[in-house]
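Residue numbers (this note's numbering): 2 to 161. The structure appears right after this line, and notes come after that.
Below, the structure written as structure tokens:
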């Protein structure tokens with residue numbers, strides 16, 4: 002299996018396969034609008050705007066596993082748009098750990114374990130995925146999204 006075999010569902014209920022992003026760099030992040038790290042939405046949006054024309058997509062996946070998300074996927078996405086100016090894609094609320102975790106996150110964790118093994122420690126764990134679908138790196142929740150920029154730029158250089 003590759004990352005392109007997985008499906009994702011947007012906050013409006015529309016599903017798609019990740020193969021639509023073949024050839025693009027992906028930043029996949031589990032989010033929560035009531036988390037202390039929520040200001041990272043602004044930085045993720047800034048990175049998205051800076052690199053989207055070069056082939057970067059940012060995909061936000063809300064989760065309420067840490068009890069810091071709103072009640073519905075639509076409310077979470079709307080809060081991201083109105084509070085933080087998010088224009089990148091937001092998805093349905095899903096689990097990122099445990100028996101009901103979104104299969105995409107099982108794949109990401111298997112391919113980029115973190116400091117405490119494969120579990121997602123907290124909201125705003127970020128995964129950088131190369132243009133060929135390989136998981137390049139995992140970033141801790143407290144890692145400022147701007148610290149991903151050198152890695153993104155390196156992947157864009159490899160693309161040329």
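Note that the Cβ used here is the ideal one computed from N, Cα and C, for glycine as well. Since the structure is predicted, the reported quantities are computational estimates derived from the model, not experimental observations.
Per-residue burial, residue i [other beta carbons within 10 Å of its own, 16 or more giving buried]
i           : result
residue 68  : exposed
residue 17  : exposed
residue 110 : buried
residue 1   : An answer regarding residue 1 cannot be provided, because it is not within the stretch 2 to 161 covered by the chain.
residue 146 : buried
residue 155 : exposed
residue 149 : buried
Coil, strand or helix - residue i by DSSP
i           : result
residue 149 : helix
residue 3   : coil
residue 18  : strand
residue 8   : strand
6 Å Cβ shell around residue i - same chain, five flanking residues per side excluded
i          : result
residue 87 : 42, 46 and 81
CB of residue i within 7 Å of CB of residue j, strictly
i           : j           : result
residue 56  : residue 21  : no
residue 52  : residue 125 : no
residue 33  : residue 92  : no
residue 1   : residue 129 : Outside the displayed range of the chain (2 to 161) lies residue 1, so it cannot be described from this structure.
residue 135 : residue 74  : no
residue 140 : residue 127 : yes
Contact set for residue i: own chain, Cβ-Cβ below 7 Å, skip 5 residues either direction
i          : result
residue 66 : 96, 97 and 98
| Unbroken alpha helix (DSSP H) runs of length 4 or more, entirely within the segment 63-138: which are they? | 74-85 and 104-112
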